[in-house]
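Okay, so here's the structure we're looking at.
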Amino acid sequence: FNMGLFTHLTQTTTNRKQKTSPCVLVLDSNPNLQYLYVQALKRAGYHVLTATTIQEARNLLTNHSISLFLSDTHINNHDHGIGLMYEQLDTFSKRNIKTVMMSSHIQYERICQEMGVDIFIEKPVAIDRLITLVNRLIQ
């Protein structure tokens, strides 16, 4: 048994999985909800990046290949999620980044639809429904 070859093959397989897994950026200032989304997305096979501020999200969008952007409309009790979405619409379109906005404020649904957000989800979010929608968008 060649342990070196086994280690090489294992690392190659692991690296290949990481490269092919679609990347989801989750922006939510609520750490408990963010944790819930991240765990569910990872279990579904996605690579997940997280941001709790608008600036963190901007940096990650600039420096990573993102397949889907999942955001709350309210970050730290402001509607910055909507602002970031509006600011990045061109980037999302050019890079084919799918978008999902979530809010407990149903009045944001129309605004999100008019901006071109792929999916608006009213909170509280059913995790199995979220994963189903993400799978549909990315595949």
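At position 3 of the sequence shown the residue is numbered 5 (our numbering), and the sequence of numbers has no breaks.
The C-beta atom is built at its ideal place from N, Cα and C for all residues, glycine as well.
A quick note: this is a predicted structure, and the numbers were derived from the prediction, not measured.
One Cα belongs to Glu116, the other to Arg45, and the distance between them is close to 32 angstroms.
Counting only the Cα atoms, Ala53 lies some 10 angstroms from Asn32. Look at Ser31 here: in three-state DSSP terms it is coil, with no helix or strand label. Inclusion of Gly83 and Leu29 in the CB contact set at 8 angstroms is warranted, their separation being smaller than that value. Separation of Thr55 and Met104 (C-alpha to C-alpha, rounded to the nearest whole angstrom) is 16 angstroms.
Leu135 is positioned such that its CB atom lies closer than 8 angstroms to that of Val102.
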